[in-house]
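S.K.: Encoded as structure tokens, here's the structure I'll be asking about.
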Amino acid sequence: MDLEEMQRQLRTLTDRAEITDLMDRYLRSLDDGVFDDEWARAFHTEDVTAEMPVGTVRGREALLRRVRQAMALFDRTVHFGTDITVEIDGDRATARGAQLSTHVLADGTDGVFVSAGHVENELVRTADGWRISASALRVVWTQGTPPRVPQGDFTAS
107 MDLEEMQRQL RTLTDRAEIT DLMDRYLRSL DDGVFDDEWA RAFHTEDVTA EMPVGTVRGR
167 EALLRRVRQA MALFDRTVHF GTDITVEIDG DRATARGAQL STHVLADGTD GVFVSAGHVE
227 NELVRTADGW RISASALRVV WTQGTPPRVP QGDFTAS
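Its first residue numbered 107, the sequence shown is counted upward by one per residue in my numbering.
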């Protein structure tokens, strides 16, 4: 193996580790509950597109508003991600995996709502590191009673 091939492999391994770390930190951040501009910039590009169970949004500001609205429905959450596969093509990548999300409702009932599905992310390398440029969470099954969504709060942005 020549030096150029070793450098290419090292770059691929480093990129894969950075992307996996970004995905892990993102899921943990959902449970931490701090959704501000810094949070949005740490994970997403300005022009991000996100497909979520509560609708699709375009742009980092719209995503931030939607995440705040959605996560306000829960008192506590735990998000697990697993089986992540990362494919890298230069400064672009995809990360796919499984996600299990447990939510304690904030409606005073202490009800629990669990959802599981698959997440697909497209990422780009930026000056600040890898960022999510598109994501899609496709829920496969749920258990428990979903939160009651206030009318008008989740209109398309």
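For every residue, glycine included, the Cβ atom is placed at its ideal position computed from N, Cα and C.
Please classify V184: does DSSP put it in a helix, a strand, or coil?
M.R.: DSSP places V184 in strand when its eight states are reduced to three.
S.K.: Looking at C-beta atoms only, is the number of pairs between the region 228-235 and the region 246-256 that lie closer than 8 Å three or more?
M.R.: Result no; under three Cβ-Cβ pairs closer than 8 Å.
S.K.: Excluding the 5 residues flanking N227 on each side, which residues of the same chain have their C-beta closer than 6 Å to its C-beta?
M.R.: The residues are A201, I238, S241.
S.K.: Hey, would you say V192 sits closer than 8 Å to I125, going by beta carbons?
M.R.: A contact, by the Cβ cut-off of 8 Å.
S.K.: Considering only residues of the region 165-222, which uninterrupted beta strand (DSSP E) runs meet the minimum length of 3 residues and lie entirely inside it, listed in chain order?
M.R.: Listed in chain order, they are 180-195, 198-211.
S.K.: So, helix, strand or coil for T120, using DSSP?
M.R.: Of the three classes helix, strand and coil, the one that applies to T120 here is helix, per DSSP.
S.K.: Where E110 and G165 are concerned, what is the direct C-alpha to C-alpha distance, given to the nearest angstrom?
M.R.: Rounded to whole angstroms, E110 to G165 spans 38 Å at the Cα level.
S.K.: Compute the Euclidean distance between the alpha carbons of L94 and F186, then round it to the nearest angstrom.
M.R.: Since the first residue shown for the chain is 107 and the last is 263, residue 94 is missing from the structure and cannot be characterised.
S.K.: Excluding the five sequence neighbours on either side, which residues of its own chain have a C-beta within less than 7 Å of the C-beta of R122, listed in chain order?
M.R.: If we look at R122 and ignore the five residues flanking it on each side, its Cβ neighbours are V192, I194.
S.K.: So, under 8 Å CB-CB, D189 and A199 are touching, yes? Tell me the CB distance rounded to an integer number of Å.
M.R.: At roughly 16 Å, the Cβ-Cβ gap does not stay under 8 Å, so D189 and A199 are not in contact.
S.K.: Taking just the CA atoms, how far does V246 sit from D142?
M.R.: Rounded to whole angstroms, D142 to V246 spans 29 Å at the Cα level.
S.K.: Would you decide whether S263 is buried or exposed? Buried here means 16 or more other CB atoms lie within 10 Å of its CB.
M.R.: Low confidence applies here, because S263 scores a pLDDT of 42, under 50, leaving its location unreliable; read the following figure in that light. By the neighbour-count rule (16 or more Cβ atoms within 10 Å), S263 is not buried but exposed.
S.K.: Just checking: is the beta-carbon of G196 within a distance shorter than 8 Å of some beta-carbon in chain C?
M.R.: Absence of chain C from the displayed structure is noted, only one protein chain being present.
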